[in-house]
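Numbering (my numbering), first residue to last: 346 to 562.
We put the beta carbon where it would ideally sit given N, CA and C, even for glycine.
Take a look at the structure below.
In structure tokens:
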């Protein structure tokens with residue numbers, strides 16, 4: 346009976362033994378073969394828009410937590426890295442740096458640690474002389490436009506009645522998404538040739554700090 350069935354399928358050439366051989370070679374192994382599943386449609390693309398939008402409140406809270414644990418240069422470097430991520434958020438930048446933003450606006454001042462988050466909108470060219478941040482520090486975060494920043498080394502210290510002397514040691518550019526940390530005593534001078542927008546962080550509100558003057562030689 347089995348041989349007749351296999352003969353009808355065209356799998357047997359002659360005789361029952363040939364039928365059994367054919368069964369052993371092709372039919373039985375096929376029963377145990379793993380089926381191949383074919384997808385007629387491609388897999389859906391992963392959703393790339395899963396990142397959380399940054400808010401000023403969340404950013405300030407993260408800065409507070411970091412600086413509470415590490416108030417020195419290491420903690421500030423972590424805040425600087427966090428600012429770089431925030432600067433990639435177009436919604437955050439648009440909300441906190443709009444056409445009505447002045448040249449200096451305090452967005453947040455921490456009541457405990459006293460650091461400040463500021464927005465700056467320079468509508469035209471602007472340059473600053475060499476300076477540090479006195480007993481404190483600052484982080485410059487470029488959001489829009491470009492800043493040419495120069496670093497200086499101290500040649501002669503400043504006093505109350507005499508500016509210090511400094512010498513330029515390097516110049517580099519801050520472009521959108523770049524943030525740079527300046528610790529205590531780091532002398533620098535920004536130059537902006539066109540409209541720029543920045544998010545800065547000061548260790549303390551620099552409007553309350555008396556600072557010395559410096560001249561480049």
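Bridge partner(s) assigned by DSSP for residue i
i           : result
residue 476 : 533
residue 487 : 543
residue 518 : 493
residue 471 : 537
Secondary structure of residue i, DSSP reduced to three states
i           : result
residue 403 : helix
residue 437 : helix
residue 431 : helix
residue 464 : strand
residue 524 : strand
residue 558 : coil
residue 449 : coil
residue 548 : coil
residue 553 : helix
residue 510 : strand
residue 412 : helix
Assigned exposure category for residue i - 16 Cβ within 10 Å defines buried
i           : result
residue 549 : buried
residue 424 : buried
residue 547 : buried
residue 451 : exposed
residue 604 : In the structure as shown, the chain starts at 346 and stops at 562, and residue 604 therefore has no counterpart that could be examined.
Backbone CA spacing between residue i and residue j [nearest angstrom]
i           : j           : result
residue 477 : residue 406 : 26 Å
residue 559 : residue 400 : 37 Å
residue 431 : residue 470 : 25 Å
residue 522 : residue 489 : 8 Å
residue 462 : residue 453 : 5 Å
residue 539 : residue 408 : 30 Å
residue 439 : residue 456 : 26 Å
residue 525 : residue 493 : 12 Å
residue 487 : residue 537 : 11 Å
Residues of its chain near residue i, where Cβ-Cβ distance is below 8 Å and the 5 sequence neighbours each way are ignored
i           : result
residue 497 : 475, 511, 512, 513, 514, 532, 533, 534, 559 and 561
residue 503 : 509, 557, 558 and 559
Sequence-distant residues of its chain with Cβ nearer than 6 Å to residue i (five each side left out)
i           : result
residue 528 : 418 and 482
Own chain, CB closer than 7 Å to residue i, minus 5 neighbours either side, in chain order
i           : result
residue 381 : Because residue 381 carries a pLDDT of 35, less than 50, the predicted location of this residue cannot be relied on, and no value is offered for it.
residue 590 : Residue 590 cannot be examined here, being either before or after the span of the chain that is shown, 346 to 562.
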